[in-house]
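These notes are about the structure you will find just below.
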Amino acid sequence: MIEGKAKASEPEDVLDYVLKRFGFSSILKNKKVLITAGPTIEYIDPIRVITNQSSGKTGVLLASELISSGAKVTLVYGPGIEKPPKGAKIIKISTSEEMFNVVKKEMNKKFDIVIMAAAISDYTPEKPSKNKIKSSRNKIKISLKKVPKTIDQIKKYQKDVFLVGFKAEANISKNNLIKLAKKKIIESNADMIIANDIGSIKYKKNPDNNEILIIDSNSVISSGWVKKEKIAKIIRKEIEKN
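Here the sequence shown is numbered in the numbering used here, starting from 4 and rising by one per residue.
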């Protein structure tokens, strides 16, 4: 800090002060919320992994939005590039197996809302190598096995929890995206699915924006093409209605 000049407060610090000083007005105040965010990694060998391009931004922003509403947030966070918000209990994980086990353990504590925003791998190497695979090999074959869907277990752990899932697809029509989201509602017994197409050129050029569809058994709501910060607010408002 330069002498004679005050250091500006971080936005999160200002928010924390305002919330403590003036309190919360949201119906989410004191609600216990479990959020998953970020990607997972699946080891091929001790060095190489299979992963995806999720930054964790939407999940982190949503966690921050719910904290600002007075919710008590637990964030199970994969290796994303976004900084986790202040005010949440943070549990860091790496693999889909770790995600599955941590969520199962946390569900013993009972939550009001569970939001499965993490991009969890669908497949993992069946027999990862214990040693680094030699780069001198011209070809390697990797057998993958399906990973159990963590979201499908949530209502088995706790029937009365409000469950929000995410469904990301690529290069798909809006009608087909809605169909797949509704199928996921049935399969996971979710109360709400947030669906989006991350394969579009528009999204690839500007991943800080997105368009989501908020789908439940009765309605489909579009966010329009907006910044992810706005999307987090839209999702929070829809959760408050339920």
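Positions of the beta carbon are idealized from the N, C-alpha and C atoms, including for glycine. Computed from a prediction, not measured in an experiment: that's the story for all the values here.
Quiz prompt | Straight-line Cα distance separating K159 from F169 | solution = Approximately 18 Å, taken between the alpha carbons.
Quiz item: Given that a residue counts as buried once 16 or more other Cβ atoms are within 10 Å of its Cβ, and exposed if not, what is I84?
Solution: Classified as exposed, I84 has fewer than 16 neighbouring CB atoms from the shown chains inside 10 Å of its CB.
Self-check item: Secondary structure of K23, DSSP reduced to three states
Solution: With a pLDDT of 48 at K23, under the threshold of 50, the modelled position of that residue is not reliable, and the figure given next carries that caveat. Three-state DSSP puts K23 in a helix.
Quiz item: Should I157 and S191 be called a contact, given that it needs their Cβ atoms to be closer than 9 Å?
Solution: Yes.
Quiz item: What separation, rounded to the nearest whole angstrom, lies between the Cα atoms of V223 and I242?
Solution: Cα-Cα distance, rounded: 14 Å.
Quiz item: Taking DSSP as the reference, what is the three-state secondary structure of L166?
Solution: Strand, per DSSP.
Quiz item: If you run the structure through DSSP and keep just helix, strand and coil, what is A198?
Solution: DSSP places A198 in strand when its eight states are reduced to three.
Practice problem: Look up A235 in the DSSP assignment and say whether it is helix, strand or coil. | Solution: Residue state, collapsed to three classes: helix.
Quiz item: Quick one: Cα of T127 to Cα of M102, how far?
Solution: When rounded, the separation of the alpha-carbon atoms in T127 and M102 is 13 Å.
Quiz item: From N232 to P151, what does the alpha carbon distance come to, in whole angstroms?
Solution: Reading the sequence as shown, one finds Glu at residue 232 and not Asn. C-alpha separation (whole angstroms): 31 Å.
Practice problem: Please report the residue range of the alpha helix (DSSP H) in which L180 lies. | Solution: It spans 177-191 - the alpha helix (DSSP H) in which L180 sits, taken as one unbroken run.
Quiz item: How far does the beta strand (DSSP E) with K148 in it reach, from first residue to last?
Solution: Unbroken beta strand (DSSP E) run through K148: 147-149.
Quiz item: Would you call the stretch 67-75 and the stretch 39-47 touching, i.e. three or more CB-CB distances under 8 Å?
Solution: Short answer: they don't touch.
Quiz prompt | Close Cβ partners of V117 (< 6 Å) along its chain, the five nearest in sequence each way excluded | solution = Cβ neighbours of V117 beyond the five flanking positions: L37, I157, V164, L166.
Quiz item: Going by other Cβ atoms of all chains shown within 10 Å of its Cβ, with 16 needed for buried, is L147 buried or exposed?
Solution: Burial check for L147: the Cβ neighbour count within 10 Å stays below 16, so the residue is exposed.
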